[in-house]
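Novice: Residue numbers (this note's numbering), protein chains in the order written: chain A, 1 to 187; chain B, 188 to 597.
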Amino acid sequence: MTYADPKLVNNGVNTEALIGARGAFEQMPAAASFTFRSACDWIEGTYSRNVIGGFFGLGEEQKRRRTFSIESDHPAVFAAADRAPTPPEIVLAALASCLTGGLAAVAQHRGIQLRSARAIVEGDIDVQGILGMDPEIRNGFSAIRVTFEIDADATEAEIAALVAQSQKRSAVFDILTNPTLVEVSVA
Amino acid sequence: MKQIDTLVIGAGQAGLAMSHCLSERSVPHVLIERGDVANSWRHERWDSLRLLTPNWQSRLPDFAYRGADPDGFMTMPEVVSFLESYATHCAATVEARTTVTSVTQEGARYRVATDRGEWGCRNLILASGACNRPNLPAWAHELPGEITQISPLQYRSPELLPPGGVLVVGASASGVQIAAELRAAGRPVTLSAGHHVRMPRHYRARDIQWWLEHSGLLGMTTQEVDDLARARAVPSLQLVGNSRARFLDLNALQAQGVEIVGRLAAHRGGQVLFSGGLANAAALSDLKMNRALDEFDAWAARSGLPGLPLPERFAPTQVPARPRLSLDLPGAVSTIVWATGFRPDFSWLHLPVFDRKGRLAHDNGIVAPGLYVLGLPFLRTRKSALIDGVGADAMALADHLLHANGRKAA
């Protein structure tokens, strides 16, 4: 396939740096092992706040210029104060951000200019699961749907290929579609 | 210890092609073969299997199919007989029923230990095959003992499997063929499909191999691809050596009653778990097929070929809206067939010639001074692992060997 010159396309993604990183990790695979973390404090009821700062990567602890905060709560229909999105909504948001970020990176690599991209994400949950009413109903999403609206200098098939590749290389898509070992302990 | 200029390990199509090229160049050599000529084709293939390439494409240096059915596909006994004829034609010296146990370096020479004595050689050709061992997940041995686990290397026919349902893992050529055969024999079959490549057997009235060859795709070299590691890992096309059905894809298998699930991801708490990303694996496969068909059409248009039917595109792959995400073990399934790909076995090669992932490192088949490998996927070209592709590689490596030896002598 022939692509346009990626240098003439600007989606704000530094693909040259990413390709350089691939080369470096090929030489030193241990540097590619990252550990991300979040510290979550319970505030009150279902209200909590995560603080996200440093992470481990490139063989050492990495500091950021600032820390970030993500709050979560439950809505009024669950008798909560609705001060922030629910945790499952944050999961949907994480999926959407992962796929749209990936979309821009793949488009940049393929020399495709994005003009706009929006992912509408929906997840279905039967709350009988989390309320412990029916053991046959799972707690989590029974299905997640992502619908993209994309305006780009590309054919329909090229856009379909961008969307497919963004899923293929997405961390959150992988986390949601494949089982992950989760260990919870008390320090 | 016997001494020889050049030793070839393996007497399949790769070893025999190399033998022919060495004889042409007057290089003294011997082939070491653990069984008989074409051993893997004799003992590690299922009964109904036919080559995925048509007879006209069975070409080796100075030898080709000359039968009455150029568009047919060889059965395994026919492949064995084809390669036996080639061995006779080449007058290859084969030390049969001799298993290599270790290869080490001794100065500028290689020492090859076998269960029937030792050899010393200046040049060593590894032609022992690309599919010696099945790729299994590390946790396969943790599955319940009552589940029969086999790979396509051991699978023979449906009747030889224990009664009950079968989980076939892998949707490339082996997986789709075995799933179809088991379903046709009345077995309940679940097929776990990760990344795969859908392809029609024939397109615009030509076999797909004709398109792959004539459009130049099969001849592409290692210099002509962006990502060689990825090109070497591309799974086999969803094909069967039979021109009657156009597709043996996920749609055809579902029409037959095979249940399609996502990539097998893990084993946990008496269940195997499947990825929820099946729809994207199918979408990627359709996109890949359509890109290949686009290339064929563009090539046909450039070449101005007369008499071809018009291009066509096929309905997309339909996967279940809610594919199964888990399966209880043991339960509906008595057998798992691991059609998850293969890798070569170089466990006897005691030389520092492997990359960090344990793969043999080589540059277009050149491993180290005097050490060569043949028959691996995309060794020098996209057809390197095919019967039709190994000949050109053998010629190039034989030339290199002769040149390198001449230089050393001078």
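Each residue gets a CB set at the ideal place from its N, CA and C atoms; glycine is no exception.
These figures come from a predicted structure and were not determined experimentally.
Report buried or exposed for B/Ala597, applying the criterion of at least 16 other Cβ atoms within 10 angstroms of its Cβ.
Specialist: Low per-residue confidence applies at B/Ala597: pLDDT is 42, beneath 50, and the placement is therefore not dependable, though the value from the model is reported in the following sentence. Counting of Cβ neighbours within 10 angstroms places B/Ala597 among the exposed residues, the total staying below 16.
Novice: Any beta carbon of chain B sitting closer than 8 Å to that of A/Pro88?
Specialist: no
Novice: Taking only the alpha-carbon atoms, compute the straight-line gap between B/Arg489 and A/Ala24 and give it to the nearest angstrom.
Specialist: 41 Å
Novice: Would you mind reading off the limits of the beta strand (DSSP E) that contains A/Phe173?
Specialist: From DSSP, A/Phe173 is part of no beta strand (DSSP E) but of the alpha helix (DSSP H) over 171-177.
Novice: In the DSSP assignment, find the unbroken alpha helix (DSSP H) run with B/Leu203 in it and report its ends.
Specialist: If you look at B/Leu203, you'll find it in the alpha helix (DSSP H) that goes 200-211.
Novice: If B/Arg298 sits next to B/Gly307, beta carbons under 8 Å apart, how far is it from one beta carbon to the other, in whole angstroms?
Specialist: 6 Å
Novice: Verify the CB distance criterion: does A/Thr2 have a CB-CB separation below 8 Å to chain B?
Specialist: Here the model assigns A/Thr2 a pLDDT of 48, short of 50, so the residue's position is not dependable and the matter cannot be decided.
Novice: How many angstroms separate the CA atom of A/Gly102 from the CA atom of B/Gly254?
Specialist: Answer to the nearest angstrom: the Cα atoms are 53 Å apart.
Novice: Using CA coordinates, which residue listed in B/Met407, B/Gln425, B/Leu426, B/Val427 is at the minimum distance from B/Ala418?
Specialist: B/Met407
Novice: Do B/Phe250 and B/Met261 have their C-beta atoms closer together than 8 Å?
Specialist: no
Novice: Report all residues from its chain with a CB closer than 6 Å to the CB of B/Asp258; omit the five preceding and five following residues, and keep chain order.
Specialist: Counting only Cβ-Cβ distances below 6 Å, and skipping sequence neighbours, we find Pro241.
Novice: Go ahead and pull the three-state DSSP assignment for A/Gln62.
Specialist: In the displayed model, A/Gln62 falls within a strand according to three-state DSSP.
Novice: Name the two residues that bound the continuous beta strand (DSSP E) containing A/Arg49.
Specialist: 47-52
Novice: Considering only the beta carbon of each residue, do B/Leu465 and B/Ile447 sit closer than 8 Å?
Specialist: yes
Novice: Going by alpha carbons, who is nearest to B/Val506 out of B/Glu282, B/Gly381, B/Thr568, B/Trp398?
Specialist: B/Gly381
Novice: Establish whether the CB of A/Lys168 and some CB of chain B are separated by less than 8 Å.
Specialist: yes
Novice: With H, G and I counted as helix, E and B as strand and the rest as coil, what does DSSP make of A/Gln167?
Specialist: helix
Novice: Between B/Leu435 and chain A, is there a C-beta pair that is closer than 8 Å?
Specialist: With 8 Å as the cut-off, B/Leu435 does not count as an interface residue toward chain A.
Novice: If you run the structure through DSSP and keep just helix, strand and coil, what is B/Val384?
Specialist: Strand.
Novice: Comparing C-alpha positions only, which one of B/Ala360, B/Pro387, B/Ala372 sits nearest to B/Pro345?
Specialist: B/Ala372
Novice: So the candidates are B/Ile312, B/Leu354, B/Gln292, B/Arg455; which of them puts its Cα closest to the Cα of B/Ala583?
Specialist: Of the listed residues, the one whose Cα sits closest to B/Ala583 is B/Ile312.
Novice: Can you name the residues of chain B whose CB is closer than 9 Å to the CB of A/Leu176?
Specialist: Gly463, Gly464
Novice: Pull out every residue of the stretch 134-166 of chain A whose Cβ sits closer than 9 Å to any Cβ of chain B, in chain order.
Specialist: Ser142, Ala143, Ile144, Ala157, Ala160, Ala161, Val163, Ala164, Gln165
Novice: At 7 Å on the CB atoms, spell out the chain B contacts of A/Phe173, in chain order.
Specialist: Gly464
Novice: Report yes if the CB atom of A/Ile112 is closer than 8 Å to the CB atom of A/Ala164, and no otherwise.
Specialist: no
Novice: Return helix, strand or coil for B/Lys189, following the three-state DSSP convention.
Specialist: strand
Novice: For a test of the three-state rule: what should DSSP assign to B/Asp586, helix, strand or coil?
Specialist: helix
Novice: With a threshold of 8 Å between beta carbons, is A/Pro29 in contact with chain B?
Specialist: yes
Novice: From the DSSP output, read off the bridge partner residues of B/Val540.
Specialist: The partner list for B/Val540 (beta bridge, DSSP) is empty, contrary to what the question assumes.
Novice: For B/Gly273, name the three-state secondary structure that DSSP assigns.
Specialist: The sequence shown places Tyr at residue 273 of chain B, rather than the Gly named in the question. B/Tyr273: helix per DSSP, three-state reduction.
Novice: For A/Met1, count neighbouring C-beta atoms within 10 Å of its own C-beta (all shown protein chains included) and say buried if the count is 16 or more, exposed if not.
Specialist: The pLDDT assigned to A/Met1 is 45, lower than 50, so where the model puts this residue is not dependable, and the model offers no usable value.
Novice: I need the boundaries of the beta strand (DSSP E) containing A/Gly57, first residue and last residue.
Specialist: 55-57
Novice: Using a cut-off of 8 Å between C-beta atoms, extract the partners of A/Pro179 located in chain B.
Specialist: Ala452, Ala453, Arg455, Leu460
Novice: Between the stretch 463-485 of chain B and chain A, which residues of the former have CB atoms less than 7 Å from a CB of the latter, in chain order?
Specialist: Within the stretch 463-485 of chain B, Gly463, Gly464, Asn467, Ala470, Leu471, Leu474, Asn477, Arg478 place their CB atoms closer than 7 Å to a CB of chain A, listed in sequence order.
Novice: In chain A, which residues lie with their C-beta within 8 Å of the C-beta of B/Arg500?
Specialist: The contacting residues do not exist; B/Arg500 stays about 10 Å from chain A at best.
Novice: Assuming B/Ile365 and B/Val524 make a contact with CB atoms under 8 Å, what is their CB distance in whole Å?
Specialist: 6 Å
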